[in-house]
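Contents: one structure, followed by commentary.
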Amino acid sequence: MSLWEYANPKRFMGWTRPVLPWTFALAGLCLAVGLIWGFFFTPDDFRQGSTVKIIYLHVPAALMAINAWIMMLVASLIWVVRRHHVSALAARAAAPVGVVMTLIALFTGGIWGQPMWGTYWAWDPRLTSFLILFLFYLGYIALWEAIEDPDTAADLTSVLCMVGSIFAILSRYAVLFWNQGLHQGASLSLDAEENVADVFWFPLLVCIAGFVLLFIALVLMRTRTEIRVRRMRALEARMRRA
Amino acid sequence: MPDLGTYAVEVLSAYAVSIALLAAIVGLSWRRYVRVRAALERVEKND
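Just so you know, the protein sequences line up as chains A and B, in that order.
For what it's worth, my numbering labels the leading residue of the first sequence as 1321, then goes sequentially.
For what it's worth, my numbering labels the leading residue of the second sequence as 851, then goes sequentially.
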């Protein structure tokens, strides 16, 4: 069977129904373990003090804010190339989750920045591109709501998503090629010397797993809702014509 | 409760707001999921 058949609306509703509760349960478990471990059972950092505990929220949320947009970009490209309705609906479903992840990253970053940098906000390249990404999320959701025809909405939001991807990529890499901002480099790296210490790294990995699973669970649930809304509108239109 | 020292307000507010936002998106998504499912069932019955 082709991979695309799993994205057929009927088949998608079939395979996601048993997967959804398990994904939510695993997400809840990882988040509970990671956050409790990080909050209660890790030491303070010698420079950052107890504010290091904010890393367990900030890093996974920022990671998901960027990756949610990348997922929306892939889904939008699939829509543009293959006209696959479920992919357009999945992109739409992911946007509000991405907004929440971006908000958490911005808020926790600001609240950490005040004691560490002496300011809640700076027009640093990474922070600014992140704020623009947040505005793109809002614009993307508004565009879906503003256009009545779903296919036209999917076309236009796909274009917006492609443009916004520049800021998603900038949010991730601005710190590397604009060497003038306050924001430090990545907290996670495959290079052991650049990585955070193991005592912070392991609970952080569990939190990241929790955020990824929660994102997947929410996108699956919200996509199922969008498919049902689409079916309901089609049935209502048919009843009106009859 | 760990001793958060002088940064207790910052750390606790970061956790409180983040958990509230996560709970809000889960709660709102679930509420819409249930409502739309019930509405579709009604429409399918009338069809």
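Using N, Cα and C, we set each Cβ at its ideal position, and we do this for glycine too.
- Exclusion of the five residues before and after V1526/A leaves C1350, V1353 and G1354 as the residues of its chain whose Cβ lies within less than 6 Å of its Cβ.
- A Cβ-Cβ separation of about 17 Å leaves L1453/A out of contact with S1478/A under the 8 Å criterion.
- About 16 Å separates the beta carbon of V893/B from that of E1546/A, a gap too long to meet the 8 Å contact definition.
- DSSP places Y883/B inside the alpha helix (DSSP H), whose first and last residues are A858 to N896.
- For S1396/A, no chain B residue has a Cβ inside 7 Å of its Cβ, as the nearest lies near 21 Å away.
- Taking one beta carbon from each stretch, the segment 1467-1483 of chain A and the segment 1514-1534 of chain A have fewer than 3 pairs nearer than 8 Å; the two do not touch.
- By the CB criterion at 8 Å, V1420/A and I869/B fall outside the cutoff.
- Looking only at M1392/A, R1548/A and N1387/A, the smallest Cα-Cα distance to V1532/A is reached by N1387/A.
- For G1530/A, the three-state secondary structure derived from DSSP is helix.
- In this structure, the alpha-carbon of V1372/A lies about 20 Å from that of R1446/A.
- Using a Cβ-Cβ cut-off of 7 Å, R882/B is close to T1545 of chain A, given in chain order.
- At a C-beta separation below 9 Å, I1528/A has no neighbours in chain B, since its nearest C-beta there lies roughly 14 Å away.
- Contacts between A866/B and chain A, judged by CB atoms closer than 9 Å, are missing: the closest CB pair is about 10 Å apart.
- From the beta-carbon of A889/B, the residues of chain A found nearer than 7 Å are M1552.
- With the rule of 3 Cβ pairs closer than 8 Å, the segment 853-864 of chain B counts as touching the segment 1362-1381 of chain A.
- Under the Cβ distance rule, G877/B does not count among the residues neighbouring chain A, no pair being separated by less than 8 Å.
- If you draw a straight line from the Cα of M1482/A to the Cα of G855/B, it comes to about 45 Å.
- Counting along the chain, no alpha helix (DSSP H) covers F1366/A, and no H or E run does either.
- Taking the beta carbon of T1428/A as reference, the chain B residues within 7 Å of it are A864 and S868, listed in sequence order.
- The Cβ of I1375/A sits no closer than 8 Å to any Cβ of chain B.
- The residues S1407, A1408, A1410, A1411 and A1414, in chain order, have a CB closer than 8 Å to that of A1395/A in the same chain once the five nearest residues on each side in sequence are set aside.
- Put simply, of R1337/A, D1444/A, A1562/A and P1380/A the residue whose alpha carbon is nearest the alpha carbon of L872/B is P1380/A.
- Residue-level contact by beta carbon fails for E1465/A and chain B, as no gap is shorter than 8 Å.
- Using a Cβ-Cβ cut-off of 7 Å, V1417/A is close to I875 of chain B, given in chain order.
- Every alpha helix (DSSP H) of 4 residues or more that sits fully in the segment 1337-1412 of chain A is shown, in chain order, as 1375-1402.
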